[in-house]
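In what follows, a single structure is set out as structure tokens and then discussed.
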Amino acid sequence: MDDHTFLLLRQVDDQIRRIELLIEQHRLHIMSLHPSRRRCEDTKLKSLMSDYARLLDYRRALTTERSYDVMH
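Reminder that position 21 of the sequence shown reads as 46 in the working numbering, one-by-one numbering, no gaps.
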């Protein structure tokens, strides 16, 4: 793995950890709300989950053999 790819992986790992914390905080926040307000907050959680999935896909793409071939 080259240095550039390694740095990209470190950045995306930091972003993944950050968004995992945000998701957990948001879940706890939703649990503390009255049930009538939870639906709106669920939409925000789905957006965070979408971002999380996108970051995981990006990380996976960085670590596949095919991406190494493209970068070199």
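Even glycine gets a Cβ: it sits at the ideal position worked out from N, Cα and C. Being a predicted model, the structure only gives us computed values, none of them experimental.
Exercise. If you draw a straight line from the C-alpha of Leu-47 to the C-alpha of Leu-73, how long is it?
Worked result: Within the sequence shown, the letter at position 22 stands for residue 47. Within the sequence shown, the letter at position 48 stands for residue 73. Cα-Cα distance, rounded: 8 Å.
Exercise. Do you know how far the Cα of Ser-61 is from the Cα of Arg-85?
Worked result: The residue given as residue 85 occupies position 60 in the sequence shown. The residue given as residue 61 occupies position 36 in the sequence shown. Rounded to the nearest angstrom, the two C-alpha atoms are 38 Å apart.
Exercise. Mapping DSSP to helix, strand and coil, what is His-29?
Worked result: Taking the first residue of the sequence shown as 1, we reach residue 29 at position 4. Here His-29 sits in helix by DSSP.
Exercise. Nearest-angstrom Cα distance between His-29 and Arg-35?
Worked result: Start at 1 with the first residue of the sequence shown, and residue 29 comes out as number 4. Start at 1 with the first residue of the sequence shown, and residue 35 comes out as number 10. Approximately 10 Å, taken between the alpha carbons.
Problem set entry | alpha helix (DSSP H) segment containing Leu-73, residue limits | Working through the sequence shown from its first residue, we reach residue 73 at position 48. Taken as a continuous stretch (DSSP letters only), the alpha helix (DSSP H) holding Leu-73 covers 60-87.
Problem set entry | Inter-residue Cα distance where the pair is Leu-33 and Arg-43 | In the sequence shown, the residue the question calls residue 33 occupies position 8. In the sequence shown, the residue the question calls residue 43 occupies position 18. Between Leu-33 and Arg-43, the C-alpha separation is close to 15 Å.
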